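Residue numbers (the numbering used here): 66 to 372.
(1) Please list, in chain order, all residues of the same chain as residue 286 whose beta carbon is under 8 Å from its beta carbon, the five residues on each side excluded.
(2) Give every residue of the same chain whose Cβ lies closer than 8 Å to the Cβ of residue 139, excluding the five residues on either side of it in the sequence, and list them in chain order.
(3) If we count Cβ pairs, one from each stretch, closer than 8 Å, do we get three or more for the stretch 341 to 350 versus the stretch 77 to 89?
(4) With distance defined between alpha-carbon atoms, name the residue in 228, 104 and 94 nearest to residue 78.
(5) If you follow the alpha helix (DSSP H) that residue 359 is in, where does it begin and where does it stop?
(6) If you check the beta carbons only, do residue 159 and residue 181 fall under 7 Å apart?
(7) Hey, quick one: how far does the beta strand (DSSP E) through residue 253 stretch, first residue to last?
(8) Among residues of its own chain, excluding the 5 on either side of residue 178, which ones have a beta-carbon nearer than 7 Å to its beta-carbon?
(9) In the DSSP assignment, what are the bridge partners of residue 141?
(10) Report buried or exposed for residue 238, applying the criterion of at least 16 other Cβ atoms within 10 angstroms of its Cβ.
(11) Taking its Cβ as the centre, do 16 or more other Cβ atoms sit within 10 Å of residue 318, making it buried, or is it exposed?
(12) Are the CB atoms of residue 232 and residue 250 nearer to each other than 7 Å?
(13) Leaving out five residues before and five after residue 194 in sequence, what residues of the same chain have Cβ atoms less than 6 Å from its Cβ?
(14) Could you work out which residue in 334, 276, 330 and 102 is closest to residue 215 when comparing CA atoms only?
(15) Between the alpha carbons of residue 268 and residue 126, how many angstroms are there, rounded?
(16) Exposed or buried, which one is residue 111 when buried takes at least 16 other CB atoms within 10 Å?
(17) Give the DSSP bridge partners of residue 210, in chain order.
(18) Just to confirm before moving on: does the CB-CB distance between residue 456 and residue 168 stay below 7 Å?
(19) Exposed or buried, residue 253, counting other C-beta atoms within 10 Å across all chains shown (16 or more means buried)?
(20) In whole angstroms, give me the CA-to-CA distance for residue 132 and residue 124.
(21) Do residue 278 and residue 304 have their CB atoms nearer than 7 Å?
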């Protein structure tokens, strides 16, 4: 018999006006659980959850404590934003959380578990299954990157360096997000709903996280680029080989010089580009959809004998 899962996402109130907002992840959870999305405390208590999964600061610590004490449910906290030390949304649930989920692993995850004095497990950053696209066979086209530059993240300067260096040699380069104006390379902000189609219509997509030095850490933008059907050039991070196969699902790079060589090579070899795009898209469909996220969560709970 399926356990009752109460899911409390950020901006859960959006579900009241548009039930498609969280429809994909709810459908995914329902493959393993009997799932209800949080609306208010009273309805949550009536649901009688066995397991609660809350995203960050979706509700207050006081509400979290009330839910846990009243239902006696196993309480899980998912934190998708990554720092070198735990954020407040993790710290303010110490003595409430029975388990934390983070999108990284290795020594960094062990350190967080020690600081929080609570078990911590890896969970990839999921995305809406509705963005999955069929792969287009392309023989030329745009090389794109979507993301912002932040002074307090190391990736900010690195992303600007990509625009300046790669832009000198690759006229097809287009950078979307909060970039300083750089010739005809920077395109300004783009509505996130349009990003999957941008990727789908692009010959190559660059995936460069704000942090590339944390074990197992990559964002859902990497997965969205693959799911959207582009050929993805992915900045190397520790442990990347656990998740992707180089020159099969995507192509790894470490420096701007290596990135430039890869771009120039794939521009000359569209058959290789198209094969990698198809393999990467198929791989995400098999391993990184919402049902996969739910299954991984189920297995974590099962291994801990919660289920």
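We treat Cβ as the ideally placed atom computed from N, Cα and C, and that holds for glycine. Just so it is clear, the structure is predicted and the values come from calculations on it, not from any experiment.
Quick answer:
(1) Taking the chain shown and counting its residues from 1, the one referred to as residue 286 is at position 221. Short of 8 Å from the beta carbon of residue 286, and not among the five residues preceding or following it, lie these beta carbons of its own chain, in chain order: 211, 212, 272 and 274.
(2) By 1-based counting over the chain shown, the position of residue 139 is 74. Same-chain partners within the cutoff: 115, 116, 117, 163, 164, 366 and 371.
(3) With a cut-off of 8 Å, the stretch 77 to 89 and the stretch 341 to 350 do not count as touching, because too few Cβ pairs lie within range.
(4) On the chain shown, position 13 is the one that residue 78 refers to. The residue with the shortest Cα to Cα distance from residue 78 is 104.
(5) Position 294 of the chain shown, counted from the start, is the residue given in the question as residue 359. DSSP places residue 359 inside the alpha helix (DSSP H), whose first and last residues are 355 to 368.
(6) Counting from one through the chain shown, the residue named residue 159 turns up at place 94. Counting from one through the chain shown, the residue named residue 181 turns up at place 116. Result yes, Cβ atoms of residue 159 and residue 181 sit closer than 7 Å.
(7) Here residue 253 is taken as the residue at index 188 of the chain shown, counted from 1. Where residue 253 is concerned, the enclosing beta strand (DSSP E) stretches over 251 to 253.
(8) Residue mapping note: residue 178 aligns to position 113 of the chain shown, counting from 1. If we look at residue 178 and ignore the five residues flanking it on each side, its Cβ neighbours are 184 and 185.
(9) Position 76 of the chain shown, counted from the start, is the residue given in the question as residue 141. According to DSSP, residue 141 bridges with 118 and 164.
(10) The residue labelled residue 238 in the question sits at position 173 within the chain shown. It is buried - the Cβ of residue 238 has at least 16 other Cβ atoms within 10 Å.
(11) Counting from one through the chain shown, the residue named residue 318 turns up at place 253. That one is buried.
(12) The count along the chain shown starts at 1 and reaches residue 232 at position 167. The count along the chain shown starts at 1 and reaches residue 250 at position 185. Their beta carbons are under 7 Å apart, which means residue 232 touches residue 250 by this criterion.
(13) Indexing the chain shown from 1 puts residue 194 at position 129. Only 89, 354 and 355 meet the Cβ criterion.
(14) The count along the chain shown starts at 1 and reaches residue 215 at position 150. Measuring from the Cα of residue 215, the nearest candidate turns out to be 276.
(15) Working through the chain shown from its first residue, we reach residue 268 at position 203. Working through the chain shown from its first residue, we reach residue 126 at position 61. If you draw a straight line from the Cα of residue 268 to the Cα of residue 126, it comes to about 45 Å.
(16) The residue you call residue 111 lines up with position 46 of the chain shown. It is exposed - the Cβ of residue 111 has fewer than 16 other Cβ atoms within 10 Å.
(17) As a first step, residue 210 must be located in the chain shown, where it is residue number 145. Answer is 240, bridged to residue 210.
(18) Since the first residue shown for the chain is 66 and the last is 372, residue 456 is missing from the structure and cannot be characterised.
(19) Numbered from its first residue, the chain shown carries residue 253 at position 188. Taking every protein chain shown into account, the CB of residue 253 has fewer than 16 other CB atoms within 10 angstroms, so this residue is exposed.
(20) As a first step, residue 132 is located in the chain shown; it is residue number 67 there, counting from the start. As a first step, residue 124 is located in the chain shown; it is residue number 59 there, counting from the start. Rounded to whole angstroms, the separation of the alpha carbons of residue 124 and residue 132 is 11 Å.
(21) As a first step, residue 278 is located in the chain shown; it is residue number 213 there, counting from the start. As a first step, residue 304 is located in the chain shown; it is residue number 239 there, counting from the start. At least 7 Å separates the beta-carbon of residue 278 from that of residue 304.
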